[in-house]
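Trainee: What follows is a structure written as structure tokens; I'll ask about it next.
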Ligand code: E4P
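Take a look at the structure:
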């Protein structure tokens, strides 16, 4: 499963990229606003840090303006992935852009039928928002299971990008279902490394090692 980080903050992206385990980045208008940075400038900087897809979202609601915005965004770098909302105009834009060989991430997906439409529109990624789905009394992971089943039934190449991930259990469940990608805030990715028994084990080994009086270097 590929790991994307969901942020527009440069330092956490650099830190995770240095692990060699980061496959891409997702941003959205709210994350750009939170960063306080210029959209073009911060997106260009992120694209220089990671080789994988960096999602940059259009803000227009109509197809013609979405295409114009995408034209500006895709010039930023080769690894920009244009993010469009799951609307009629968003999917028209998706179809046009992917037809020209541009990567597209269809965002704000909350139903398996929406995901089916995105795949038919040739989306590179579909982003079902599991956390927001859970918040509204649904089970986000049921949605991922349904999309996996449908995409496998028809051999769609669209990658399932599990978004709005809130905790490490979402990551585990997404991996068990066979989602292609997950995007999570930096903290959730850092939490994946942690286990109390790992810390305890290191402590014990180092205490015993100190008793030997030896050193490796
Ligand atoms: C994904 O591309 C979105 O930016 C993101 O996962 C939304 O997450 P949220 O529901 O925590 O805002």
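Numbering (my numbering), first residue to last: 43 to 259. Ideal placement from N, C-alpha and C gives every residue a C-beta, glycine not left out.
Given that a residue counts as buried once 16 or more other Cβ atoms are within 10 Å of its Cβ, and exposed if not, what is residue 68?
Mentor: One-based indexing of the chain shown puts residue 68 at position 26. Burial call: buried.
Trainee: Looking at the secondary structure, which residues open and close the beta strand (DSSP E) in which residue 140 lies?
Mentor: Locating residue 140 in the chain shown gives position 98, where the first residue counts as 1. Where residue 140 is concerned, there is no enclosing beta strand (DSSP E), although the alpha helix (DSSP H) it sits in stretches over 130 to 141.
Trainee: Check whether the Cβ of residue 178 lies closer than 7 angstroms to any heavy atom of ligand 1, and answer yes or no.
Mentor: The residue given as residue 178 occupies position 136 in the chain shown. Residue 178 Cβ: outside cutoff for every heavy atom of ligand 1.
Trainee: DSSP puts residue 85 in a beta bridge; with which residues?
Mentor: Along the chain shown, read from residue 1 onward, the residue named residue 85 stands at position 43. DSSP, once it has assigned bridges, lists no residue as partnering residue 85.
Trainee: Is the segment 171 to 182 close to the segment 199 to 217, with three or more CB pairs under 8 angstroms?
Mentor: Cβ pair count under 8 angstroms is three or more, so yes.
Trainee: Report the CB separation of residue 133 from residue 159 in whole angstroms; it is logged as a contact under 8 angstroms.
Mentor: Here the question's residue 133 lines up with position 91 in the chain shown. Here the question's residue 159 lines up with position 117 in the chain shown. Confirmed, about 6 angstroms.
Trainee: Taking all protein chains shown into account, decide if residue 194 is buried (16 or more other Cβ within 10 angstroms of its Cβ) or exposed.
Mentor: Working through the chain shown from its first residue, we reach residue 194 at position 152. With fewer than 16 Cβ atoms within 10 Å of its Cβ, residue 194 is classed as exposed.
Trainee: Would you call residue 241 buried or exposed, if buried means 16 or more other Cβ atoms sit within 10 Å of its Cβ?
Mentor: Position 199 of the chain shown, counted from the start, is the residue given in the question as residue 241. Its Cβ having fewer than 16 others within 10 Å, residue 241 is exposed.
Trainee: Where do the ends of the beta strand (DSSP E) carrying residue 225 lie?
Mentor: Walking along the chain shown from the start, residue 225 turns up at place 183. That run of the beta strand (DSSP E) goes 223 to 226.
Trainee: Ends of the beta strand (DSSP E) at residue 169?
Mentor: Residue 169 sits at position 127 when you count from the first residue of the chain shown. Residue 169 -> beta strand (DSSP E) spans 167 to 170.
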